[in-house]
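Worksheet: one structure, shown below.
There are 4 protein chains.
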Amino acid sequence: MSGNTIGTLFTLTSFGESHGAAIGGVIDGCPPGLALTAADIQIELDRRKPGTSRHVTQRKESDTVEILSGVFEGKTTGAPIGLLIRNEDQRSQDYGNIADTFRPGHADYTYWKKYGIRDYRGGGRSSARETAVRVAGGAIAKKWLSERYGVTIHGYMSQMGEIDIPFQSLDFVNQNPFFSPNAEIVPELESYLDKIRAERDSVGARISVIAQGVPVGWGEPVYDRLDAEIAYAMMSINAVKGVEVGAGFASVAQRGSVHSDEMTPQGFASNHAGGILGGISSGQDITVNIALKPTSSIPQGRQSIDKQGNAVTMQTNGRHDPCVGVRATPIAEAMLALVLMDHALRHRAQCADVINT
Amino acid sequence: MSGNTIGTLFTLTSFGESHGAAIGGVIDGCPPGLALTAADIQIELDRRKPGTSRHVTQRKESDTVEILSGVFEGKTTGAPIGLLIRNEDQRSQDYGNIADTFRPGHADYTYWKKYGIRDYRGGGRSSARETAVRVAGGAIAKKWLSERYGVTIHGYMSQMGEIDIPFQSLDFVNQNPFFSPNAEIVPELESYLDKIRAERDSVGARISVIAQGVPVGWGEPVYDRLDAEIAYAMMSINAVKGVEVGAGFASVAQRGSVHSDEMTPQGFASNHAGGILGGISSGQDITVNIALKPTSSIPQGRQSIDKQGNAVTMQTNGRHDPCVGVRATPIAEAMLALVLMDHALRHRAQCADVINT
Amino acid sequence: MSGNTIGTLFTLTSFGESHGAAIGGVIDGCPPGLALTAADIQIELDRRKPGTSRHVTQRKESDTVEILSGVFEGKTTGAPIGLLIRNEDQRSQDYGNIADTFRPGHADYTYWKKYGIRDYRGGGRSSARETAVRVAGGAIAKKWLSERYGVTIHGYMSQMGEIDIPFQSLDFVNQNPFFSPNAEIVPELESYLDKIRAERDSVGARISVIAQGVPVGWGEPVYDRLDAEIAYAMMSINAVKGVEVGAGFASVAQRGSVHSDEMTPQGFASNHAGGILGGISSGQDITVNIALKPTSSIPQGRQSIDKQGNAVTMQTNGRHDPCVGVRATPIAEAMLALVLMDHALRHRAQCADVINT
Amino acid sequence: MSGNTIGTLFTLTSFGESHGAAIGGVIDGCPPGLALTAADIQIELDRRKPGTSRHVTQRKESDTVEILSGVFEGKTTGAPIGLLIRNEDQRSQDYGNIADTFRPGHADYTYWKKYGIRDYRGGGRSSARETAVRVAGGAIAKKWLSERYGVTIHGYMSQMGEIDIPFQSLDFVNQNPFFSPNAEIVPELESYLDKIRAERDSVGARISVIAQGVPVGWGEPVYDRLDAEIAYAMMSINAVKGVEVGAGFASVAQRGSVHSDEMTPQGFASNHAGGILGGISSGQDITVNIALKPTSSIPQGRQSIDKQGNAVTMQTNGRHDPCVGVRATPIAEAMLALVLMDHALRHRAQCADVINT
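Protein chains in written order, with numbering that gives the first Met the number 0: chain G, 0 to 356; chain P, 0 to 356; chain A, 0 to 356; chain E, 0 to 356.
Right under this line is the structure:
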């Protein structure tokens, strides 16, 4: 398939363009009996939606989700769950001036070469708007993981541009526009991003995600390792350029005597592995970091070419996030939830008899 | 499936344990007409095989591959290609002492909890020995990519432990046991690794891989992005804890005005993107970095537990690589080749008419 | 996945229940550049929709389709095509009396045992209403196959109950409510079905489908044979109990000297194979027959049980087709189109170089 | 993938040609803990192997299977099971005379057009020899289904050519070369087939398969229905031209009041459905019929063409079964076992919580 489906047993198939009629998706494989309402999904969508602070795009979208199927009398039935989010603010005139040129750092050029088509309306399918579908699907996975296995998933921003954000507490994460786990640093983040925006520039971010309560045994050993699937899911998020599990790139300079987590009758003595050994969850917290590049669309003149290959100067005005990482936390959480739920089901299939003993 | 198959159209299905009768695999989806002999595969296997220097495990394996099917009169037929590598050196007595205990940092514990089975013979399925199958499959992909599209794939070690390895030239890579692209630094790497081994410890490594000549247009836009599939493939390699494409984690602190590669009539002005935009190849070099953790099996006493949960002290003697990254370069190349060939075929399927115009 | 997706490269993912908010689907993998409007799909939906004659259910559904994505300026873009059909006539009160009992011959019982849920609203997901999504997806496949390869697909009723329908011409098929390819027999079919309905009973049908112009070479040799995938697709239609390709069950009593189609410089001398040899299209017409069982929902008392296992007498009133086969012709065409398009793309992927020489 | 893998969670990937070095396969997804030896598989292979009576091909193959991986200390480990069967009797000189011509009714022509390659050695990949791999894989599925769920699967010949074989008992099936469930008719079958062979001709057969003890709830509702997957699996067997479930084509002429199986507190009152309702097993016996065409390779002159399109007369001598259906019973059983085991696992994944209550 053309890559618009994620998952093996719990699958999300996504559709929709930034400036088309709607975006949406189909969840297939959700077990029956999960209590589910649109409100359960909306709460996650609202964390991602645009226009919630001056630090994100001012596009106006309520991102209201409709559950079209798969739920009966308040519970999932085992049938596919159709999800629909109508686009409301489709000011495609903002983009008309770029119909024949390519924005540096954007997918305009590669889409055009691949498909022979230039959908210039805000990036079309390549827009980060598609991530709303992921957040919607992830909300279902999160709820099931929590209710069935007590798994919780939390993300936070751990770096913005040059500013490292020391971790303090998950409690503060949802109370500031950056998903910062550190209260004191928020004013600094605000003034930093105001400055970036004033300079008509953008900046990257690092997001961390943690899953707690994952039972030992989820994941497959060779190709579909839990960490490999997490890497796939995270790298599929727009603007992500790197993924780490546990100690990540820091493990290169570590000694084995330091990195390898010792075990005691009371549990593991450390967690450099990030909760995954040999591709399978160990029962420790699963810890993931991702790197997001700075937003490509910036309101300053940049060298580019047009369809005919002529040199042009491009300036993207539109309504763009100065740091795409600011809204990425709910997306990263959703992707981790999708992967974990898929592997929970896969594990039940093959190892049901082991589980039951 | 249980995750022993990689790919959508060009697939490799792998089987075999470290100390079982054999390892092997099945390639499905190889186009007909590719000239192929066992020697084409053997040359890559010989780059990965153990015992080639004092810096790697001294296990004796010729890693001789037999092509069982799919080739007729020297050419691929379009039928599945069966590959078989018999295990020769199965000194499982080396491992008998660990049958009831778990090695820190290893998959022993998670496999046992998942499957209810403890295959103590050198890690069984979790052994890095399985990567020989990947190298064999990757050799076929490499050959096809080269002959059909002129794509070449090269890897090298860019860091070992604390030692950064400045890139000089690909020419030198196959002429030293570390796959170092820098000749002068090799003596330092040798003495460093000798010291690590003398300290009965191990160390990590960073491997870089580059694909040159990839046409614009390979990859899918949303979930099965080329970079997402590369992240999956790389993270599925034993001991890998991180994956970057292009600027990777460095892009967090970059400005958009720096990161986004400008375009000119002569081509891109830089390559922070690592050759992939919106999940689709841009025609630039595809550049990937991976982080490998230090070998978990080290010959010094470490805290662990046994099956009954009692505290034990474990010391792994056996014959282990002091730095698993030393042999990882051919594996990383193979994984990139597998992903690229799969996406070459996927692109032909959907966009054949665009390609032809 | 839970089986709501069909296809490998050209996929249709379906959602929706008979009496929910909507039914719909997502097409993934459609090549870019196909001219497509809602009207192209509507024309096929109108052939299947209820209420078009007295011989089918009188439920009122306009079956109006909305294309939500994947089409820009009148052409497919290569992005997934979201399709939505709102349900209009949801008289679920008709079904309230069956909430605790199981209709003989229906999926009520198996769904309840599988999912622990009883969605009594007209069969919920098991309703034949889902086939509208197939017809919508098939319309896209049909159009692409026709424009790109000149392939045409036609179905017709070849038997209803005890009445065999001698083939005369495809021209007449769309001009009678039975999709009969024989004009003279239509009055007999009408009076026959009136009689069945008057007897409060139902009857089965055999539908034949033919694909013309399929190039030689589509299909895979071993498991995913073209005929195997056709069998899968056809047997997945509600009420289908048998599938034949070419001579089908009649080939059991044939001699090899009769069955095996001889070849001449002018082409094949016969077509007992039904256009498929070794799982691959031969260039001849592909011919398929399917058997549909009589409608299970009939307005006469029948023995059944309730959720507690007590004996009950069930009588299904509602608004049901007395012969589900009457509306099955467009569905069978759609399924054949979906399979052929998928294999056209698969063939291009693996054998593009052969095709081009 | 190119269609050499069957299954979603319990998968068999097959490789090998009739006259290559070996045939074999990889089973992925087998749960851990199943007691398994080569003898468990060999017993099924011996039922299918050639040369066991004068009524089948006299090719000499011991069909000795080697388990290469996935079993440790007599039990499956959850790792992939590699299976290898060396080819022993590769008299490819028998086939040399057909290297440039196409055998009527055979896949020679379609393979050549698809792949641009003519592997004339006994059909290469299209040979029925590949079905040994299916039987090997099916043996594992059969054993697991029996031990874990008490499911048993039995096949028998129900028609050979014009001769209908009235069912008497499963007990007699393995005691005659035809897998006839009727002892008295065996002499008639023998003399009939002797006559066919003397006439240098071949004939078709119908095989019936029954699965007993399948729990209610296996299967998926829409596309991956249990009957759809059975139809796929059966139609993928060489020479199969038709598949029926339950009443099959006879249901066309049935009334709903007859076909729909009534339910009582003691169970279903009949089984026209063949054990599947709405794509999901009902707990009744699953009953399937398949039609096999007469062998295409017959030792009499037939019209054909060569690669250049010239008219030729072909006569296939070699060593062929006069009725491919004679050895098809174990194959059909294996295919049913593969499908059922796959769906058993799929059901556990999604509905584990329902099952457990």
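Heads up, the beta-carbon is just placed ideally off N, CA and C, and yes, glycines get one too.
### Task
For the region 296-306 of chain E and the region 211-220 of chain E, state whether three or more C-beta atom pairs, one from each stretch, are separated by less than 8 angstroms.
Contact between the region 296-306 of chain E and the region 211-220 of chain E is absent, with fewer than three C-beta pairs closer than 8 angstroms.
### Message
Which residue wins for smallest C-alpha separation from G:Gly2, given the options A:Arg117, A:Arg85, A:Gly77, A:Arg53?
### Response
Mapped onto the first sequence, residue 2 of chain G falls at position 3. With distances taken between Cα atoms, G:Gly2 lies closest to A:Gly77.
### Task
Using the Cα positions of E:Arg147 and A:Leu344, report the straight-line distance between them to the nearest angstrom.
Taking the first residue of the fourth sequence as 1, we reach residue 147 of chain E at position 148. Taking the first residue of the third sequence as 1, we reach residue 344 of chain A at position 345. For E:Arg147 and A:Leu344, the distance between alpha carbons rounds to 40 angstroms.
### Query
At a CB-CB cut-off below 7 angstroms, which residues of chain A make contact with P:Gly362?
Because chain P is modelled from 0 through 356, residue 362 of chain P falls outside the range shown and cannot be assessed.
#### Entry: As assigned by DSSP and simplified to three states, the class of A:Gln302
Position 303 of the third sequence, counted from the first residue, corresponds to residue 302 of chain A. Strand at A:Gln302.
### Query
Between G:Ser157, G:Pro176, G:Glu161, which lies nearest to G:Gln167 when the distance is taken from Cα to Cα?
Residue 167 of chain G sits at position 168 when you count from the first residue of the first sequence. When each option's Cα is compared against that of G:Gln167, the closest is G:Ser157.
### Query
Excluding five sequence neighbours on each side, which residues of the same chain lie with their C-beta closer than 8 angstroms to the C-beta of A:Ala98?
Numbered from 1 along the third sequence, position 99 holds the residue referred to as residue 98 of chain A. Answer for A:Ala98: Arg117, Tyr119, listed in chain order.
### Through-space distance from P:Pro30 to A:Gln349, alpha-carbon basis
Along the third sequence, one-based indexing puts residue 349 of chain A at 350. Along the second sequence, one-based indexing puts residue 30 of chain P at 31. For A:Gln349 and P:Pro30, the distance between alpha carbons rounds to 5 angstroms.
### Separation of P:Val70 from E:Tyr114, as counted between CA atoms
As a position in the fourth sequence, residue 114 of chain E is number 115, starting the count at 1. As a position in the second sequence, residue 70 of chain P is number 71, starting the count at 1. Taking the straight line joining both Cα atoms gives about 12 angstroms.
#### Entry: Proximal residues of chain P, C-beta to C-beta of E:Lys306 below 7 angstroms
As a first step, residue 306 of chain E must be located in the fourth sequence, where it is residue number 307. The CB of E:Lys306 never comes closer than 7 angstroms to any CB in chain P; the least such distance is about 15 angstroms.
### Query
What in chain G is Cβ-close to E:Arg345, meaning under 7 angstroms?
The residue you call residue 345 of chain E lines up with position 346 of the fourth sequence. Those within 7 angstroms of E:Arg345 in chain G are Ala348.
### Message
I'd like the list of long-range same chain contacts for A:Ala179, defined as Cβ closer than 8 angstroms, with 5 residues on each side in sequence excluded.
### Response
By 1-based counting over the third sequence, the position of residue 179 of chain A is 180. At residue 179 of chain A the sequence reads Ser, which differs from the Ala that was named. Taken in chain order, the residues that qualify are Tyr155, Met156, Ile164, Phe171, Val172, Val185, Leu188.
### Query
Are the beta-carbon atoms belonging to P:Val132 and P:Gly23 less than 8 angstroms from one another?
If you number the second sequence from 1, residue 132 of chain P lands on position 133. If you number the second sequence from 1, residue 23 of chain P lands on position 24. Yes; because the gap between Cβ atoms is below 8 angstroms, this pair is in contact.
### Query
Taking only beta-carbon atoms, is A:Leu67 less than 8 angstroms away from chain G?
Position 68 of the third sequence, counted from the start, is the residue given in the question as residue 67 of chain A. Contact of A:Leu67 with chain G is assigned, a C-beta pair being separated by under 8 angstroms.
### Any chain P beta carbon closer than 8 angstroms to G:Leu276
As a working note, residue 276 of chain G is residue 277 in the first sequence. It does; some Cβ of chain P falls within 8 angstroms.
### Task
Could you tell me whether the region 192-212 of chain A touches the region 218-231 of chain E, using the rule of 3 or more Cβ pairs below 8 angstroms?
In short, these stretches do not touch, since the Cβ pair count stays below three.
### Query
Listed in chain order, which residues of the region 2-17 of chain E have Cβ atoms closer than 9 angstroms to some Cβ of chain P?
Cβ contacts with chain P: Gly2, Asn3, Thr4, Gly6, Thr7, Leu8, Phe9, Thr10, Thr12, Ser13, Phe14, Gly15, Glu16.
### Query
Taking the Cβ atom as the reference point for each residue, do E:Arg47 and A:Asp200 lie within a distance shorter than 8 angstroms?
Position 48 of the fourth sequence, counted from the start, is the residue given in the question as residue 47 of chain E. Position 201 of the third sequence, counted from the start, is the residue given in the question as residue 200 of chain A. For E:Arg47 and A:Asp200, no; Cβs fall outside 8 angstroms.
### Message
Using 8 angstroms as the threshold, is the C-beta distance between A:Gly121 and A:Ser235 below it?
### Response
Counting from 1 along the third sequence, the entry for residue 121 of chain A is found at position 122. Counting from 1 along the third sequence, the entry for residue 235 of chain A is found at position 236. For A:Gly121 and A:Ser235, no; Cβs fall outside 8 angstroms.
### Query
Per DSSP, what kind of secondary structure is G:Asn3 in: helix, strand or coil?
On the first sequence, position 4 is the one that residue 3 of chain G refers to. Three-state result, G:Asn3: coil.
#### Entry: Any chain A beta carbon closer than 8 angstroms to G:Ile223
Translated into the one-based positions of the first sequence, residue 223 of chain G becomes position 224. According to the sequence provided, residue 223 of chain G is Asp. The question's Ile does not apply to it. Among the CB atoms of chain A, none fall inside 8 angstroms of the CB of G:Asp223.
### Query
Mind pulling the beta strand (DSSP E) runs of 3 or more residues that sit fully within the region 203-233 of chain E?
DSSP runs (the beta strand (DSSP E)) wholly in the region 203-233 of chain E: 204-211.
### Query
Are there three or more Cβ pairs, one per stretch, closer than 8 angstroms when the region 233-248 of chain E is compared with the region 234-248 of chain A?
In short, these stretches touch, since the Cβ pair count reaches three.
### Message
Quick check: is the beta carbon of G:Ala336 nearer than 8 angstroms to any beta carbon in chain E?
### Response
As a working mapping, residue 336 of chain G is identified with position 337 in the first sequence. Not an interface residue.
#### Entry: Residues of the region 244-264 of chain G with Cβ closer than 7 angstroms to any Cβ of chain P, in chain order
Taking 7 angstroms as the Cβ-Cβ cut-off against chain P, the residues of the region 244-264 of chain G that qualify are Val244, Gly245, Ala246, Gly247, Phe248, Ser250, Val251, Ala252, Gln253, Arg254, Gly255, Ser256, His258, Ser259, Asp260, Glu261, Met262, Thr263, Pro264.
### Query
Does the ligand FMN have even one heavy atom less than 7 angstroms from the beta-carbon of G:Tyr110?
No copy of the ligand FMN appears in this structure; indeed no ligand is present at all.
### Environment of P:Asn181 [buried if 16+ CB atoms lie within 10 Å]
Residue 181 of chain P sits at position 182 when you count from the first residue of the second sequence. Only buried fits P:Asn181, as 16 or more other CB atoms lie within 10 angstroms of its CB.
### Query
Between G:Asp163 and chain E, is there a C-beta pair that is closer than 8 angstroms?
Locating residue 163 of chain G in the first sequence gives position 164, where the first residue counts as 1. Cβ-Cβ to chain E under 8 angstroms: no for G:Asp163.
### Message
On the CB-based measure, 16 or more other CB atoms within 10 Å of its CB, does A:Thr109 come out buried or exposed?
### Response
Taking the third sequence and counting its residues from 1, one reaches residue 109 of chain A at position 110. Burial call: buried.
### Task
Measure how close the beta-carbons of G:Leu276 and P:His105 come, nearest whole angstrom, since I'm counting them as under 8 angstroms.
In the first sequence, counting from the first residue as 1, residue 276 of chain G sits at position 277. In the second sequence, counting from the first residue as 1, residue 105 of chain P sits at position 106. Sure, about 7 angstroms apart at Cβ, within 8 angstroms.
### Task
Kindly identify the DSSP beta-bridge partner or partners of A:Gly28.
Translated into positions along the third sequence, residue 28 of chain A becomes position 29. Bridge pairing for A:Gly28: absent [DSSP].
### Task
For A:Asp260, collect the residues of the same chain with a Cβ closer than 7 angstroms to its Cβ; drop the 5 residues on either side in sequence, then sort them by chain order.
As a working note, residue 260 of chain A is residue 261 in the third sequence. Taking A:Asp260 as the centre and dropping the five residues before and after it, the same chain places the C-beta of Phe267, Ala268, Ser269, Asn270, His271, Ala272 closer than 7 angstroms to its C-beta, in chain order.
### Query
Which residues mark the beginning and the end of the alpha helix (DSSP H) in which P:Ala127 is found?
As a first step, residue 127 of chain P is located in the second sequence; it is residue number 128 there, counting from the start. Per DSSP, P:Ala127 belongs to no alpha helix (DSSP H) and is neither H nor E.
### Message
Just to confirm the assignment: which complete beta strand (DSSP E) runs, minimum length 3, are found wholly within the region 256-312 of chain A?
### Response
With a minimum length of 3 residues, the continuous beta strand (DSSP E) runs that stay inside the region 256-312 of chain A are 285-291, 301-304.
### Cβ-based burial, E:Ser190 [other Cβ within 10 Å; buried from 16]
Residue numbering aside, residue 190 of chain E sits at position 191 when the fourth sequence is read from its first letter. Under this definition E:Ser190 is an exposed residue.
#### Entry: Burial state of P:Arg128 (16 or more Cβ within 10 Å)
For the purposes of this step, residue 128 of chain P is taken as residue 129 along the second sequence, with counting starting at 1. Result: buried.
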